[in-house]
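Student: Encoded as structure tokens, here's the structure I'll be asking about.
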Amino acid sequence: MTNKHTDQELIDLILKLEDELQAKGLVPKYRAFGLPICAMQKLGYKNFLVLDPGSNPLLERIHNLHKPFYRDKDILSGGSHGGAFMFRGIAAMIHAPIWYGKKEINPWELNDLTPFQKKWLQSNNEDHQAYLATCCDIFDFSLLFNQIEGCNSPPADSVKFLELAAFQLQGASTTLCQAFDVRGSTQSALLGAELALKGALRGRNFTEEQLRGRCYGHNLINLVEKVGDEYEGFDKDRVLEHCQDLPQLVENRYTGNQPSRVEAGKYVMFCQFIAGEVARILTNWRLQDHLNLPGPSPS
């Protein structure tokens, strides 16, 4: 089946789909990501893993033929969600992929560390387990937007807050991994955790006015307590433990005493855990259960 189509036929299809996707208003990064999917579907394929072109020879050919159309900076895009992990002051991006069909999940394929850094990370058991736990948090949160078999959809009223939480968490991880000064990641991470908790409460018919009010506002402790009251299975004690170690959003915003690089990394991972725990109670799905990993929280 791979050689059924010539390179020229595939290029002609790519050019046609480029025009169609541009006419629909898709910007380059979405055309670059979506076009191989459209091409495979046009050619009659249904089950394939988008972020692993090598898993299907035809998809790999389409991907390679389409790749020269764009520079890397034209098409920077992740999967369904992204986050960060830090060890020894090294921040790594973790991408939760978008899935088509079935494939085993290998957490070590989801980061941008070098092969040597991966071995270095795996050589320390504490760092190794913390990385796997962080993958659980990020992957579980991604399933709010990219459901798989056995995963429940979040309540409709929760979606807006959960999407806003994702924006903030992605911003925090990007700042942590790429910015010259990572301290700004703390504000985004705190907002991400807050919005995730509020998303859970929206699923229990709390109004936006209530969630903006004095009782909740930016108060993570109160939000966690209420989510724990509303949802069975929410690990309130573990989440509260992490909240105690987080700075207050308003105080952090106006102080010149900002966290160090390592502290910022810890705060981002704590907030990713909080968001991941929210996702687990809304979807009733845990990556930990499928990988036989330790509890999803950085040590």
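Numbering (our numbering), first residue to last: 1 to 299.
Just so you know, even glycine gets a beta-carbon here, dropped at the ideal spot from N, CA and C.
In this text the structure is predicted, and so the values were computed from the model without any measurement.
Give, in chain order, every unbroken run of the alpha helix (DSSP H) that is at least 4 residues long and sits entirely within the stretch 147 to 206.
Tutor: Correct list: 159 to 178, 185 to 202.
Student: In angstroms, rounded to a whole number, what distance separates the CA positions of LEU220 and GLY276?
Tutor: LEU220 and GLY276: Cα-Cα distance of roughly 15 Å.
Student: Got a sec? Which residues, its chain only, sit under 6 Å from TYR216 by beta carbon, not counting five neighbours each side?
Tutor: If we look at TYR216 and ignore the five residues flanking it on each side, its Cβ neighbours are ASN222, LEU223.
Student: Using three-state DSSP, classify PRO296 as helix, strand or coil.
Tutor: Residue placement at PRO296 is poorly supported in this model, since its pLDDT is 44, which falls under 50; the coordinates are not used for a value here.
Student: Taking DSSP as the reference, what is the three-state secondary structure of ASN284?
Tutor: ASN284 falls in the coil class under three-state DSSP.
Student: Give the C-beta separation of LEU43 and ASN152 to the nearest angstrom, bearing in mind that I take them to be a contact with Cβ-Cβ under 8 Å.
Tutor: That belief does not hold up - the Cβ atoms of LEU43 and ASN152 are roughly 33 Å apart, past 8 Å.
Student: Could you spell out where the alpha helix (DSSP H) holding ILE90 opens and where it closes?
Tutor: No alpha helix (DSSP H) contains ILE90, which is instead part of the beta strand (DSSP E) from 90 to 96.
Student: Quick one: residues in its chain with C-beta nearer than 6 Å to the C-beta of ALA96, no 5 flanking neighbours on either side, listed in chain order?
Tutor: Closer than 6 Å at Cβ, skipping near neighbours: GLY79, SER80, HIS81, ILE138, PHE139, SER142.
Student: Thinking C-alpha only, which one of LEU287, GLY192, VAL268 is nearest PRO92?
Tutor: In the sequence under discussion, the amino acid at residue 92 is Ala, which differs from the Pro named in the question. Residue VAL268 is the option with its Cα nearest to ALA92.
Student: What residues are listed by DSSP as bridge partners for ASN111?
Tutor: ASN111 pairs with ILE94.
Student: At 4 residues or longer, and completely inside the stretch 217 to 264: list those alpha helix (DSSP H) runs for me, N to C.
Tutor: Within the stretch 217 to 264, the complete alpha helix (DSSP H) runs of at least 4 residues are 220 to 230, 236 to 244, 249 to 254.
Student: Can you tell me the Cβ-Cβ gap for ILE62 and PRO36, rounded? I've got them flagged as a contact below 8 Å.
Tutor: Right, the Cβ-Cβ distance comes to about 5 Å (below 8 Å), so this counts as a contact.
Student: Have a look at ARG280, PHE85, SER260 and flag the residue whose alpha-carbon is nearest the alpha-carbon of ASP181.
Tutor: Measuring from the Cα of ASP181, the nearest candidate turns out to be SER260.
Student: Can you tell me the Cβ-Cβ gap for HIS218 and LEU249, rounded? I've got them flagged as a contact below 8 Å.
Tutor: The pair is a contact, with the Cβ atoms about 5 Å apart (cut-off 8 Å).
Student: Are the beta-carbon atoms belonging to GLY89 and VAL262 less than 7 Å from one another?
Tutor: The answer is yes: Cβ separation under 7 Å.
Student: Tell me whether the beta-carbon of ARG202 lies closer than 7 Å to the beta-carbon of ALA264.
Tutor: No, the pair does not count as a contact, with Cβ atoms beyond the cut-off.
Student: CA-CA distance, TYR300 and ALA32?
Tutor: Missing from the structure shown is residue 300; the chain here goes from 1 to 299 and no further.
Student: Should THR255 be counted as a contact of the ligand MN given a C-beta to heavy atom distance under 6 Å?
Tutor: Ligands displayed in this structure: none; no statement on the ligand MN is therefore possible.
Student: If we ignore side chains and look at the alpha-carbon of each, how far apart do LYS236 and GLU194 end up?
Tutor: Going from the Cα of LYS236 to the Cα of GLU194 covers about 14 Å.
Student: Measuring straight from C-alpha to C-alpha, what distance separates GLY213 and PHE206?
Tutor: Distance between the alpha carbons of GLY213 and PHE206: 11 Å.
Student: LEU191 and VAL227 - do their beta-carbons sit closer together than 7 Å?
Tutor: Taking 7 Å as the Cβ cut-off, VAL227 and LEU191 do not qualify as a contacting pair.
Student: Can you say whether HIS290 is buried or exposed, counting buried as having 16 or more other CB atoms within 10 angstroms of its CB?
Tutor: With fewer than 16 other Cβ atoms within 10 Å, it is exposed.
Student: Judging by CA-CA distance, which residue of LEU144, GLN178, GLU149 is the nearest neighbour of LEU164?
Tutor: It is LEU144 whose Cα lies nearest to the Cα of LEU164.
Student: Quick one: Cα of ASN106 to Cα of ILE94, how far?
Tutor: Those two C-alpha atoms are separated by around 12 Å.
Student: Between the C-alpha atoms of ASN56 and TYR45, what's the straight-line distance to the nearest angstrom?
Tutor: Their backbone Cα atoms lie some 10 Å apart in a straight line.
Student: So for HIS5, helix, strand or coil by DSSP?
Tutor: In the structure shown, HIS5 sits in coil (DSSP, three-state: anything other than H, G, I, E or B).
Student: Answer with buried or exposed for ASN111, where buried requires no fewer than 16 other C-beta atoms within 10 angstroms of its C-beta.
Tutor: Looking at its Cβ environment, which holds 16 or more other Cβ atoms inside 10 Å, ASN111 is buried.
Student: Run through DSSP, which three-state label would GLY78 get?
Tutor: Low confidence applies to GLY78: its pLDDT is 49, below 50, so where it sits in the model is not reliable enough to give any reading.
Student: For THR186, I'd like the list of residues in its chain whose CB is within less than 7 Å of its CB, leaving aside the five on either flank, ordered along the chain.
Tutor: Cβ neighbours of THR186 beyond the five flanking positions: PRO247, ASN252, PRO259, ALA264, TYR267.
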